[in-house]
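I have placed the structure first, in the form of structure tokens, so that the comments after it can refer back to it.
Residue numbers (this note's numbering): 649 to 836.
Have a look at this one:
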């Protein structure tokens, strides 16, 4: 499908076209089979986690009709009743942003996050973590820490009102206390 599209001279501003362009000029770092598998896995992984997160949000909104009504009011104020929200509307939909963040906190799709390899010997509470060890972050435990998230089992988007930007803008903050998810926030 991608090959057919590109053969017609149609190029999209997307990751796969960027990589195909790069590899056609710099050479292929992997076989065509490996490349196809990689992009297939990226698509499948993204589809599963996205679908699971959408189901989580449907559950949360069904259980909390007052949150759903507030969200609909915000969407209607920005988009009217004739169109769905666009990504470009997100900066004017702060409550919707809070709902998405709270869904990811309340029921994270990957409860242990991604594995990380320790690049040098480290120590935690007197225990050695040798270089080369694989560690997982306890995402579920971090997001259900009662000291950081009071009433952690409750779906409460308001807890993110002080973090109005998109999550990726906070993720790169060197101050983990300023991040809005995946690492603990200081109680404020």
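Backbone N, C-alpha and C fix where the C-beta goes; we use that ideal spot for every residue, glycine too.
Determine, using beta carbons only, whether residue 761 and residue 701 come nearer to each other than 8 Å. Start at 1 with the first residue of the chain shown, and residue 761 comes out as number 113. Start at 1 with the first residue of the chain shown, and residue 701 comes out as number 53. No. Outside cutoff.
Tell me which residue opens and which closes the alpha helix (DSSP H) that residue 705 is part of. Counting from one through the chain shown, the residue named residue 705 turns up at place 57. For residue 705, the enclosing alpha helix (DSSP H) stretches over residues 680-711.
Beta-carbon spacing of residue 791, residue 763 below 8 Å: What you label residue 791 is simply residue 143 of the chain shown in a count that begins at 1. What you label residue 763 is simply residue 115 of the chain shown in a count that begins at 1. Inclusion of residue 791 and residue 763 in the CB contact set at 8 Å is not warranted, their separation being larger than that value.
Tell me, please, which residues DSSP counts as bridged to residue 770. Residue 770 sits at position 122 when you count from the first residue of the chain shown. Among the bridge pairs identified by DSSP, residue 770 is matched with 777.
Give the DSSP bridge partners of residue 715, in chain order. The residue labelled residue 715 in the question sits at position 67 within the chain shown. None; residue 715 has no bridge partner.
Identified DSSP bridge partners for residue 764: Locating residue 764 in the chain shown gives position 116, counting from the first residue. BP columns for residue 764 point to 783.
In angstroms, rounded to a whole number, what distance separates the CA positions of residue 785 and residue 826? Against the chain shown, residue 785 aligns to sequence position 137. Against the chain shown, residue 826 aligns to sequence position 178. Between the alpha carbons of residue 785 and residue 826 lies a gap of roughly 18 Å.
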